[in-house]
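Residue numbers (UniProt numbering): 1 to 338.
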Amino acid sequence: MGAFIELDRVEKVFDVRKRTGFLKREVRRVRAVDSISFTVARGEMVGYIGPNGAGKSTTIKMLTGILTPSGGRLRVAGIDPSRERMRLAHRIGVVFGQRTTLWWDLPLIDSYRLMHRMYRIPDARYRENLDRLVELLGLGALLDVPVRQLSLGQRMRGDIAAALLHDPEVLYLDEPTIGLDVVSKARVREFLRELNAERGTTVLLTTHDLQDIEQLCSRVMVIDHGRLVYDGALAGLHEAGGGERTLVVDLARELPPIEAGPTARVVKVDGPRQWLAFPASESAAPLVARIAAEYPLVDLSVREPDIEAVIAKMLSSMGDASVPAPGRETVVPGAQSS
Ligand SMILES: Nc1ncnc2c1ncn2[C@@H]1O[C@H](COP(=O)(O)OP(=O)(O)OP(=O)(O)O)[C@@H](O)[C@H]1O
């Protein structure tokens, strides 16, 4: 089967007018997406990650047709999103972690009823989908509650159901687990896994949480300064990024740096607290056991590398040659106005 999402040298350039003096204005050209090409097959679950301002949201907005590319070719299910946004809307679902598509003052079920009409979902299909989503996402007791009274995790589940009522073939998720507690995160992830396995829904996921990717996506794409700098398995990204986790150890008192064996090293000491870096591919258990046996251990925790750190390491290990120059933001000659 051919590609379901196709981008061929897609670009998005914004011209931003900036005041630089009393009467002077300068036009700055920001290349938010800079010649990106990739394809996603039907049924794939792909992570789309990158530092702040890398161009992720701009890409998603072009994929939904909210923004028109400045250059290149883009197709979703054979449709050019910005030209046929409404036709495409029936085939895609979008969830933004930071915003809700639900009506704030209305009970949850009323938002769903409105969507039923907006998307002209056939009655039988609407009822069937609603029942299934309410069950899978545990929304039964929440349907009559106004959205503003829902917790963040409940609201997120409500939003995910809203995005899926019309049976979209592809789901774009922008930070779906942001701000959620551990239990809610697990629930959302479990649901997405089931959705993908049972319905074959294609999922494109933007997140700052590496565990979202670890638990959901076999493929991850990294975007930096508007360019695609990595496309492959998460393990490969860890390798390229040096792949280290951190063990944070609280000792009973201030002590010299812990000697923890050949693969771990102390990277920071602050009073009785010490930070040890160790390979992400290794279990923390032997390290913890050794420290517990030899030191007055009070508490400890393991920190996963954060996405920004992994990407930064990957970029520096690749060398500057493959990293786009920071000249993405350029002053447009002759565009000064007064
Ligand atoms: N409407 C706009 N007008 C001008 N510049 C914009 C506009 N939208 C985005 N940009 C710029 O384009 C670049 C990419 O922004 P984008 O929101 O796509 O990044 P992002 O990867 O989603 O970041 P974040 O993780 O912070 O959400 C940034 O430099 C941003 O300032």
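All C-beta atoms, glycine included, are put in the ideal place defined by N, C-alpha and C.
If you measure from each CB to the nearest heavy atom of ligand 1 and keep those under 6 Å, what residues do you get, in chain order?
F14, V16, V30, A32, G50, N52, G53, A54, G55, K56, S57, T58
Output the distance between the C-alpha atoms of T330 and F14, rounded to the nearest integer angstrom.
Walking along the sequence shown from the start, residue 330 turns up at place 330. Walking along the sequence shown from the start, residue 14 turns up at place 14. Residue confidence for T330 is low, a pLDDT of 47 falling below 50, so the modelled location carries little weight; the figure read from the coordinates is stated next. The alpha-carbon atoms of T330 and F14 are separated by roughly 11 Å.
Find the nearest neighbour of R127 within the set V147, D167, F96, judged by alpha-carbon distance.
Position 127 of the sequence shown, counting from 1, holds the residue named residue 127. Checking every option, the nearest Cα to that of R127 belongs to D167.
Could you check where the beta strand (DSSP E) with P286 kicks off and where it finishes?
Walking along the sequence shown from the start, residue 286 turns up at place 286. Where P286 is concerned, there is no enclosing beta strand (DSSP E), although the alpha helix (DSSP H) around it starts and stops at 285–294.
Shortest alpha-carbon distance to E254 belongs to which of G158, P296, L130?
The sequence position of residue 254 within the sequence shown is 254, counting from 1. If we check each option's Cα against that of E254, P296 comes out closest.
Given G47, which residues of its chain have a CB within under 6 Å of its CB, disregarding the five upstream and five downstream residues?
Position 47 of the sequence shown, counting from 1, holds the residue named residue 47. L205, I213, C217, V220.
Can you round the beta-carbon distance between D174 and S82 to whole angstroms, since I take them to be within the 8 Å contact cut?
Translated into the one-based positions of the sequence shown, residue 174 becomes position 174. Translated into the one-based positions of the sequence shown, residue 82 becomes position 82. Incorrect: roughly 18 Å between the Cβ atoms, too far for contact.
Which of the three DSSP states is assigned to L130 in this structure?
Here residue 130 corresponds to residue number 130 of the sequence shown, with the count starting at 1. L130: helix per DSSP, three-state reduction.
Need the endpoints of the beta strand (DSSP E) that A41 sits in, please.
Against the sequence shown, residue 41 aligns to sequence position 41. First-last of the beta strand (DSSP E) with A41: 25–41.
Using beta-carbon positions only, say whether R245 and A292 come within less than 7 Å of one another.
By 1-based counting over the sequence shown, the position of residue 245 is 245. By 1-based counting over the sequence shown, the position of residue 292 is 292. Their beta carbons are not under 7 Å apart, which means R245 does not touch A292 by this criterion.
Can you check the region 176–211 for any beta strand (DSSP E) of at least 3 residues that lies completely inside it and give the ranges in chain order?
With a minimum length of 3 residues, the continuous beta strand (DSSP E) runs that stay inside the region 176–211 are 202–206.
Identify which residue in A162, R120, L152, S151 has its Cα closest to the Cα of D131.
Taking the sequence shown and counting its residues from 1, the one referred to as residue 131 is at position 131. Checking every option, the nearest Cα to that of D131 belongs to A162.
Please work out which residues of its chain come closer than 6 Å, Cβ to Cβ, to I160, disregarding the five sequence neighbours upstream and downstream, and give them in chain order.
Taking the first residue of the sequence shown as 1, we reach residue 160 at position 160. If we look at I160 and ignore the five residues flanking it on each side, its Cβ neighbours are V95.
Among all the DSSP beta bridges, which residues are the ones paired with K268?
Walking along the sequence shown from the start, residue 268 turns up at place 268. BP columns for K268 point to W275.
Beta bridge counterpart(s) of D299 as assigned by DSSP
By one-based count along the sequence shown, residue 299 stands at place 299. In DSSP, D299 forms a bridge with D250.
The region 260–268 contacting the region 65–84, beta-carbon criterion three pairs below 8 Å:
no
Cβ neighbours of L180 in the same chain (closer than 8 Å, five flanking residues each side left out)
For the purposes of this step, residue 180 is identified with residue 180 of the sequence shown, where counting begins at 1. Taken in chain order, the residues that qualify are L152, G153, M156, V188.
In the DSSP assignment, what residue or residues form a beta bridge with G47?
For the purposes of this step, residue 47 is taken as the residue at position 47 of the sequence shown. L205, V220, per the DSSP bridge assignment.
Kindly examine ligand 3 and report whether one of its heavy atoms sits closer than 6 Å to the Cβ of L228.
As presented, the structure is devoid of ligand 3, carrying ligand 1 as its sole ligands.
Three-way DSSP call (helix, strand, coil) for G138 in this model
Here residue 138 is taken as the residue at index 138 of the sequence shown, counted from 1. Coil at G138, not helix or strand.
Who are the near neighbours of L195 in its chain, counting only those whose CB is closer than 6 Å to its CB and skipping five residues on each side?
Numbered from its first residue, the sequence shown carries residue 195 at position 195. So the list reads T201, once near-sequence residues are dropped.
CB of G97 within 7 Å of CB of I178, strictly
The residue labelled residue 97 in the question sits at position 97 within the sequence shown. The residue labelled residue 178 in the question sits at position 178 within the sequence shown. In this structure, I178 lies closer than 7 Å to G97 by Cβ.
What residues in its chain sit with their C-beta under 7 Å from that of L137, if we drop five residues either side in the sequence?
On the sequence shown, position 137 is the one that residue 137 refers to. Excluding residues within five positions, the ones whose Cβ falls inside 7 Å are R157, I160, A161, F191.
At which residues does the beta strand (DSSP E) containing A3 begin and terminate?
Residue 3 sits at position 3 when you count from the first residue of the sequence shown. Going by DSSP, A3 is part of the beta strand (DSSP E) stretching over 3–19.
Less than 8 Å between C-beta atoms, sequence neighbours within five positions excluded: which residues of the same chain meet that for K18?
Here residue 18 corresponds to residue number 18 of the sequence shown, with the count starting at 1. Closer than 8 Å at the Cβ level, and outside the excluded window around K18, lie R25, E26, V27, R28.
What does the Cβ neighbour count give for T59, buried or exposed, with the cut at 16 atoms within 10 Å?
What you label residue 59 is simply residue 59 of the sequence shown in a count that begins at 1. Answer is buried; the Cβ neighbour count reaches 16.
Could you tell me if D270 is buried or exposed, where buried requires 16 or more neighbouring beta carbons within 10 angstroms of its beta carbon?
Position 270 of the sequence shown, counted from the start, is the residue given in the question as residue 270. Exposed, because fewer than 16 other Cβ atoms sit within 10 Å of the Cβ of D270.
Apart from the five residues just before and just after A252, which ones in its own chain have a Cβ nearer than 6 Å to its Cβ?
Start at 1 with the first residue of the sequence shown, and residue 252 comes out as number 252. Sequence-distant Cβ neighbours of A252 in its own chain, meaning closer than 6 Å and more than five residues away, are P296, V298.
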